[in-house]
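In what follows, a single structure is set out as structure tokens and then discussed.
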């Protein structure tokens, strides 16, 4: 893939050799990158939701990752299973909640 | 910025006009996309900060989302209100802290 | 998507060759930006992992940011140090775990 870019750039460079003043390839790439980066960043956002359930396990919806867990009975001991599920560790856990986030696009 | 890209595109267009068979626009586009995507992704990062307050509520700054909450008195029961505020649920909560994240750019 | 971009570029190239004054480069740039931005957005994802340690401190791996902490002894009081380390605040803390996330690329 990089090879194809290299070939393209080489072709353009040869073409540019005919008129070097008008051929700013480095500047072009960084201009394009900045332009796209700016467009991407205006659209990308962190999107979060909550999932709670009775008992000691709460699953994040598909596509979301747990970033933290909250537990009933004031319990602060938890772990995350399979990158998807909050597990509260205290005995007789009445409820468990997962904070779940993903990267989303603002259209 | 746009002018430099315009010059490049004009150069490519002229080149392609001379020999349409060698004008690899699909390959060009995907190469360009990958190249720019890679550059953009190196700039995008997860940026987090903390917000704490007395009492049972702590707000994340504008643009940030709470990813988890910490509560005084060893309390581990909390919820998030309006996608913006950590609420610690234990009685007589002395302090509440929010962990707050967003997507940011490394320049 | 790539085909559409290719067609677009071809159309613009032909159009521009015939009448350079009407060459819609602004539109081209925004099309290109959108196309590349869309490709980038399909690759970006939130990637999380866990780090735990004995005692009251747990460090996220390099490149990851803590989004929440879990503490032994049911403790829910914690803070984050240096944007890297979970610190559980209860006395005689037996273990500490950090939930750690970053922005990653799906290849």
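Chains as they are written, first to last, in this note's numbering: chain A, 1 to 107; chain B, 1001 to 1107; chain C, 2001 to 2107. Ideal placement from N, C-alpha and C gives every residue a C-beta, glycine not left out.
Residue(s) in a DSSP beta bridge with residue i
i, result
"residue 2050 of chain C", "C:2099"
"residue 59 of chain A", "A:85"
"residue 1068 of chain B", "B:1099"
Cβ separation of residue i and residue j, assumed to be a contact under 8 Å, to the nearest whole Å
i, j, result
"residue 2065 of chain C", "residue 2101 of chain C", "6 Å"
"residue 2076 of chain C", "residue 1076 of chain B", "3 Å"
"residue 1105 of chain B", "residue 2036 of chain C", "Not confirmed; about 16 Å, so no contact."
Minimum C-alpha distance to residue i - residue among the options
i, options, result
"residue 2052 of chain C", "C:2039, C:2035, C:2082, C:2093", "C:2093"
"residue 1071 of chain B", "B:1090, B:1061, B:1062", "B:1090"
"residue 2059 of chain C", "C:2041, C:2077, C:2095", "C:2095"
"residue 2103 of chain C", "B:1097, B:1045, B:1040, B:1054", "B:1045"
"residue 1047 of chain B", "B:1033, B:1063, B:1085", "B:1063"
"residue 54 of chain A", "A:106, A:80, A:34, A:73", "A:73"
"residue 82 of chain A", "C:2099, C:2085, C:2106", "C:2099"
"residue 2080 of chain C", "B:1097, B:1087, B:1088", "B:1097"
"residue 2086 of chain C", "B:1050, B:1061, B:1057", "B:1050"
"residue 2057 of chain C", "C:2078, C:2033, C:2034", "C:2078"
C-beta neighbour in chain B for residue i, strict 8 Å
i, result
"residue 2060 of chain C", "no"
"residue 50 of chain A", "yes"
"residue 2053 of chain C", "no"
"residue 63 of chain A", "no"
Min CB distance residue i to chain D below 8 Å
i, result
"residue 2068 of chain C", "Among the protein chains of the structure shown, namely A, B and C, there is no chain D."
Below-8 Å beta-carbon distance, residue i vs any chain A residue
i, result
"residue 2105 of chain C", "no"
"residue 1078 of chain B", "yes"
"residue 2057 of chain C", "no"
**Request:** Give, in chain order, every residue of the segment 2085-2103 of chain C whose Cβ lies closer than 9 Å to some Cβ of chain A.
**Result:** Against chain A - using a Cβ distance shorter than 9 Å - the residues of the segment 2085-2103 of chain C are 2088, 2090, 2095, 2097, 2099, 2101, 2103.
**Request:** Using a Cβ-Cβ cut-off of less than 8 Å, list which residues of the segment 2032-2044 of chain C approach chain A; keep chain order.
**Result:** Against chain A - using a Cβ distance shorter than 8 Å - the residues of the segment 2032-2044 of chain C are 2032, 2033, 2034, 2036, 2037, 2040, 2041, 2044.
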